[in-house]
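Residue numbering for the sequence shown follows this note's numbering, starting at 6 and increasing by one per position. First up is the structure itself, then whatever we jot down about it.
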Amino acid sequence: MHLLYLDDSGSIANKNEQYFVLGGVSVPETSVFWLSDQIEKIAERVDPINPRAVEFHASEIFGGRRIPWNRFSKEDRIQIIKDVLLVLKKAYSDIVVFACAIHKDSFPNDDLMSKAFEDLSSRFDMYLHRISPPGKYEKGIIILDKSTYENSLQELAKSFRMEGNRWGSRLKHIPEVPFFVDSKASRLTQLADHIAYAVFRRYNAGDLNYFNCIEDRFDRSAGVIHGLAHLQTVNPRCTCPACLTRQ
Ligand SMILES: [Zn+2]
């Protein structure tokens, strides 16, 4: 069983932002504890007395307005965001990253959350298909942060089921609709938040600082990057890794 933790970055409604990103990390069940523990160790550095109270939320860390982040310099806060992402450097190769960056103005009439979710769930399904041994079906579950999108995604999941079980027939390796968890309780949802933030900063602000920490972790095979999608209609010659790999 593989668990795909997802979170979003960028606001769909905010006209000052060009991008909306959904992204996260796929982790085999046997590595969930190890990976969570790597992030717990960073929490112990941030607050040795009460590490459980530390919740890693990249945009809040960067902003530095709230406890405990207001105790750290800007340089230290940027390094903390990177340190969370860099736990992936030590991970086994079967821990892989997925993200979908949507240029909002390219799709003015679409429900962007549903679009990103459909894109990533089918990428995750194809990944599971590719890594399945002959005659076997590797299974996956998608876990999202409880957020304002919970209702719309539950509706999407419901409509998948009502349309003649479109969910089950389309996604052969993902037997159940997504689960929603409180990110406070899940270090891996917090890691997903940082991955979405890294991709958002790359596309929305041209800031490669965080993206460079995870670029080599996107699902790929035979030289093609499958784990990263850049959905846009404005630049057919885009040279980002997602567009280049498909040219
Ligand atoms: Zn691109």
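Even glycine gets a Cβ: it sits at the ideal position worked out from N, Cα and C.
CB-CB length for residue i against residue j, believed under 8 Å
| i | j | result |
| --- | --- | --- |
| Gly2 | Cys105 | A query on residue 2 cannot be resolved here, the shown segment of the chain reaching from 6 to 252 and no further. |
| Ile179 | Ile146 | 7 Å |
| Val30 | His7 | Incorrect: roughly 10 Å between the Cβ atoms, too far for contact. |
| Val92 | Ile44 | 6 Å |
Burial state of residue i (16 or more Cβ within 10 Å)
| i | result |
| --- | --- |
| Tyr208 | buried |
| Met118 | buried |
| Phe129 | buried |
| Arg171 | Caution is warranted here: a pLDDT of 48 is assigned to Arg171, below 50, making its placement in the model unreliable, and the coordinate value is therefore given only provisionally. Exposed: under 16 other Cβ atoms inside 10 Å. |
| Lys109 | buried |
| Ala234 | buried |
| Tyr142 | exposed |
| Thr194 | buried |
| Ile86 | buried |
| Ala18 | exposed |
| Val229 | exposed |
Best match in the options for proximity to residue i [C-alpha to C-alpha]
| i | options | result |
| --- | --- | --- |
| His199 | Ala63, Arg251, Ser137 | Ala63 |
| Phe205 | Ser16, Tyr10, Leu8 | Ser16 |
| Pro288 | Val30, Val182, Gln195, Ala48 | Summary: the structure shown does not reach residue 288, with the chain confined to residues 6 through 252, and so no result is reported for it. |
| Gly232 | Leu133, Thr238, Asn19 | Leu133 |
| Leu213 | Pro56, Leu90, Lys46, Glu65 | Leu90 |
| Arg282 | Leu125, Arg82, Ser111, Phe216 | This structure leaves residue 282 out entirely; the chain is present only between 6 and 252. |
Endpoints, the alpha helix (DSSP H) within which residue i is located
| i | result |
| --- | --- |
| Ala210 | 192-210 |
Test: residue i CB closer than 8 Å to a CB of chain B
| i | result |
| --- | --- |
| Ile17 | The chain inventory of the structure shown lacks chain B, comprising one protein chain alone. |
Residues that residue i bridges to, as DSSP identifies them
| i | result |
| --- | --- |
| Glu14 | Here residue 14 is Ser; the residue named in the question, Glu, does not match the sequence. The partner list for Ser14 (beta bridge, DSSP) reads Val26. |
| Ala104 | Gly28, Leu233 |
| Val186 | Asp150 |
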